[in-house]
Each structure stands twice: as structure tokens, then as C-alpha cells.
Amino acid sequence: MKRLLLTCTDLMAIQFLVPHVKYLSAHGFSVELACSDVGGRLDDLHRALDGVAPIHVVRLVRSPFSPGNRKGYGDLKKIIDGSHWDVIWTNEPVMGVMTRLAAKNARKNGTKVVYMVHGFHFYKGAPLKNWLLYYPVEKYCSRLCDMIVTINEEDLRRAKAFHTARVEKINGIGLDTKRFSSCTVNKAEKRKELGIPENAFFVVSVGELKVHKNHEAIIRALAKKQDPHVFYGICGKGELLEYLQNMAKKRGIAKQVFFFGYRTDVAEILHTADLFAFPSRRDGLGLAALEAMASGLPLLTSNVGGIPDYVKNGITGFSYRYDDIDGFAEGLQKYCRDAELRKRVINNGLEAVQKYDIREVEQTVCRLMEMED
Numbered sequence: 121m122k123r124l125l126l127t128c129t130d131l132m133a134i135q136f137l138v139p140h141v142k143y144l145s146a147h148g149f150s151v152e153l154a155c156s157d158v159g160g161r162l163d164d165l166h167r168a169l170d171g172v173a174p175i176h177v178v179r180l181v182r183s184p185f186s187p188g189n190r191k192g193y194g195d196l197k198k199i200i201d202g203s204h205w206d207v208i209w210t211n212e213p214v215m216g217v218m219t220r221l222a223a224k225n226a227r228k229n230g231t232k233v234v235y236m237v238h239g240f241h242f243y244k245g246a247p248l249k250n251w252l253l254y255y256p257v258e259k260y261c262s263r264l265c266d267m268i269v270t271i272n273e274e275d276l277r278r279a280k281a282f283h284t285a286r287v288e289k290i291n292g293i294g295l296d297t298k299r300f301s302s303c304t305v306n307k308a309e310k311r312k313e314l315g316i317p318e319n320a321f322f323v324v325s326v327g328e329l330k331v332h333k334n335h336e337a338i339i340r341a342l343a344k345k346q347d348p349h350v351f352y353g354i355c356g357k358g359e360l361l362e363y364l365q366n367m368a369k370k371r372g373i374a375k376q377v378f379f380f381g382y383r384t385d386v387a388e389i390l391h392t393a394d395l396f397a398f399p400s401r402r403d404g405l406g407l408a409a410l411e412a413m414a415s416g417l418p419l420l421t422s423n424v425g426g427i428p429d430y431v432k433n434g435i436t437g438f439s440y441r442y443d444d445i446d447g448f449a450e451g452l453q454k455y456c457r458d459a460e461l462r463k464r465v466i467n468n469g470l471e472a473v474q475k476y477d478i479r480e481v482e483q484t485v486c487r488l489m490e491m492e493d
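If you're matching positions, the sequence shown starts at 121 in this note's numbering and goes up one per residue.
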């Protein structure tokens, strides 16, 4: 049985990696986790794993500039050098850098190190400071691992120019398509609960109210369209709530824009909507958009990161630059006036999203962790 050490934040683990830990544990791996506590979710993680894998806590924070990260490096070094690991699978920028540095000696003794990229911080259109800070660090550290795994084509091309011997791409980190496609809800009752008129054209977004999620682009596009039958609802909370509320009010569409806050019934809300908007300024892949696609919604998105991998204009959705308000307004208009277009895009999307299903991705990740061709 191969021994695998998975390093990540508690948030990454609880949100995305628990199914992979369980799958690997059932397919020939003895898995342990080294997690930083950045989200206060370690107790939730213990419950989710249900004894499948032990968790070591490391004192890392997300900021690359924190002097306290030296303690986290020491924690990782102790965990890695204190035992033999066949494979170390690391995730995220700070954890990824510290793990690769801490694993230098282990690699000399045969340990294979795999770095999974969930979206480089440097990308086409990224701020210059991102390129100056993250690019040289990632390029240097690429020589400290045996494989880089990316989740989108742009990052794949970038990583192939680095110093790692092997670079692979997987189709996301795994989406339970059945959970979203099989959801049933009384559409009329759910809309009434949400305050959305039954005959409205309902656009929904899912994501924190933060700058990089760019919800204001859809609010601006909706204001430009000036159609009282179009309603927009956002599932998520964050520091921009008041700013976005004021923006909608100033543009005379406050009664058409709803802020639902954090929701546990996202799948049900998606099944009451007509369109999913995802105007993000940056995203490694955009899991929320894939969830909407699996729910049978057409997509209106930005064209950053991994989104163009599955949003093909006029086929599985429409995508525009994140700051192209006229473009978003145009896409909104196309969907509103053409039911046949919506139906065609939905059918194409339901087919395209299947390769992102967790059952497919689990097998691929397991094969990669075997370090086989």
C-alpha cells in the first residue's frame, strides 16, 4: 500500500478534496493530510473524513509575506522527514511552495511530489504585480516537483514552459453532476419564496460578493437593458453587499436585483432560474458555472482562466471580457428573446459537463498519483 501525504488548507480539503481522499484510500493508498487552519473548518473536515485519514495541522497562512509561515515550513519539514512517503500531493500557492521546499530531502530518497494548480495567479489579463510576485516563484519551484497537474488549458500551456518533467491536465477537481441534474423543486413555489415573479426571466449568480466575482458587471448590463421582466439574484455574501445594493438603486433596478446571501439550497434555486451569469475577473475553472450547466442552465460568462474550456460561444454559452458590459447586455438580450437558442445551449451543456463529473475525475487523479504514464 502506497503512503500519500496530501497538503492543503482546511477550506480546500472540505470543499473539494474529501471525495478524492476516500477514493484513494479505497484504491491502494494510505492517505494522511497536512492542513493549515485558514477557515476554521478542521472539525468539519474530521467529521467529513470519518476516520479515513489522520490530519496534521501546520501553521501556515495564505499570505506569502507572513513571517509566521516559517513555523508552518518547520511543521511540514517535520511531517515529511519524519516518515517515508511514496507520494506527496500539494495544492495552492503558499502551501505548494512550502511543501516543495520542505520535500527536497524526501525526493532524494524516492518520494514523488505532485503539485496541483487550481488556477495560477498569473494569467492573461492579470495585474502586473501578480506576474512579478507569483510567476518567478512558481517557475523556480517547478523544478522541485515531479509533476504539475492543472485544471485548465491556459495553465497547462504555462506550466509546460517550466522546469517540471511532467505536466498533466485534469477536467477540474470533480463535480457531482447527478446531484444537480436530478434536483427536483416546485418552480412556482420556490420563486414565490425568493420573491421572483413566476413569469419573470430569472438570472442567477453564485459567488461571494467580492471584486473578483464581478457581479456588478451583470447589474450594469441589466440596467443597460432596461427590461422590467428580467430579475437578477445572487447567492453569496461578502463585503460588497452595500456597494452592489446602492449600484442597483442608483440605476433604478433595485426591485429587480436580489441578494439571497449564503444558501444551502443552491441546487433548487438553479432549477428555478432561466440563465446563469458568471462574470468573474479570474477563476481557475469556475465550479459554480459547471454546477449550473449540470442543472440545465445556459451560461453567460467572462472568458478568463478555465472558463473558455467549456463555454464555446453560441454552443454551450456566451462569454465576454469581464469588463465588456455591452457584451453581457447583448448576451442577455440573445437569451431573453430566443427560447430555441436557450434549449440548444442547454442540451449542448448537459453533454459537455459530463467529463467534469467527480466519478471520472477521481479515477484520473488516482492514476496520476500512481505516477504511471
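Beta carbons: idealized from backbone N, C-alpha and C, even for Gly.
- In this structure residue 158 is in contact with residue 129, their Cβ atoms being roughly 5 Å apart against a cut-off of 8 Å.
- For residue 376, the number of other beta carbons within 10 angstroms of its own is at least 16, and it is reported as buried.
- CA-CA distance, residue 381 to residue 354, rounds to 7 Å.
- One thing to note: residue 400 has its Cβ no nearer than 9 Å to the Cβ of residue 420.
- Excluding five sequence positions before and after residue 358, the CB atoms of its chain that fall closer than 6 Å to its own CB belong to 328, 329 and 330, given in chain order.
- DSSP places residue 123 in no alpha helix (DSSP H) but in the uninterrupted beta strand (DSSP E) bounded by 122 to 129.
- At a cut-off of 4 residues, the continuous stretches assigned as alpha helix (DSSP H) that sit fully inside the segment 355 to 388 are 361 to 370.
- Rounded to whole angstroms, residue 471 and residue 429 show a C-alpha spacing of 14 Å.
- With fewer than 16 other Cβ atoms from the protein chains shown falling within 10 Å of its own Cβ, residue 256 counts as exposed.
- By the C-beta criterion, the segment 406 to 415 is judged to be in contact with the segment 464 to 478, since at least 3 inter-stretch pairs fall below 8 Å.
- Remark: C-beta atoms of residue 253 and residue 485 do not approach each other more closely than 9 Å.
- Counting along the chain, the unbroken alpha helix (DSSP H) around residue 251 starts and ends at 248 to 261.
- Between residue 284 and residue 262, the C-beta gap is smaller than 9 Å, which places the two residues in contact.
- Beyond the five residues adjoining it in sequence on each side, residue 249 comes within less than 8 Å, by CB distance, of no other residue in the same chain.
- As the crow flies, the alpha-carbon of residue 312 is around 7 Å from that of residue 318.
- According to the DSSP secondary-structure assignment, residue 455 is paired through a beta bridge with no residue.
- As DSSP reads the structure, residue 477 sits in a beta bridge with 295.
- Distances from the CA of residue 395 to each of 230, 436 and 188 were compared; the closest alpha carbon is that of 436.
- Nearest in C-alpha terms to residue 454, of all of 427, 467 and 418, is 418.
- Non-local beta-carbon contacts of residue 361 in its own chain, meaning distances under 8 Å to residues more than five positions away in sequence, involve 329 and 379 in chain order.
- Runs of the alpha helix (DSSP H) lying entirely within the segment 140 to 171, each at least 4 residues long, are 162 to 169 in chain order.
- Shown here for residue 340: same chain residues with a beta carbon closer than 6 Å to its own, the five before and five after excluded, namely 445 in chain order.
- Around the Cβ of residue 221, a 10 Å sphere holds fewer than 16 other Cβ atoms; the residue is exposed.
- Collapsing the DSSP output to three states places residue 191 in a helix.
- The beta-carbon separation of residue 270 and residue 281, rounded to 12 Å, does not stay under the 8 Å limit for a contact.
- In the DSSP annotation of this structure, the continuous segment of the alpha helix (DSSP H) that includes residue 339 starts and ends at 336 to 345.
- Of 265, 236 and 307, the smallest CA-CA separation from residue 275 is found for 236.
- Short of 6 Å from the beta carbon of residue 332, and not among the five residues preceding or following it, lie these beta carbons of its own chain, in chain order: 401 and 402.
- For residue 260, the number of other beta carbons within 10 angstroms of its own is below 16, and it is reported as exposed.
- By the 16-neighbour rule on beta-carbons within 10 angstroms, residue 216 is buried.
- Residue nearest to residue 346 within the set 368, 386 and 162 is 368 (criterion: CA-CA distance).
- Along the length of the segment 389 to 477, whole alpha helix (DSSP H) runs at least 4 residues long occupy 407 to 414, 445 to 457 and 459 to 472, reported in chain order.
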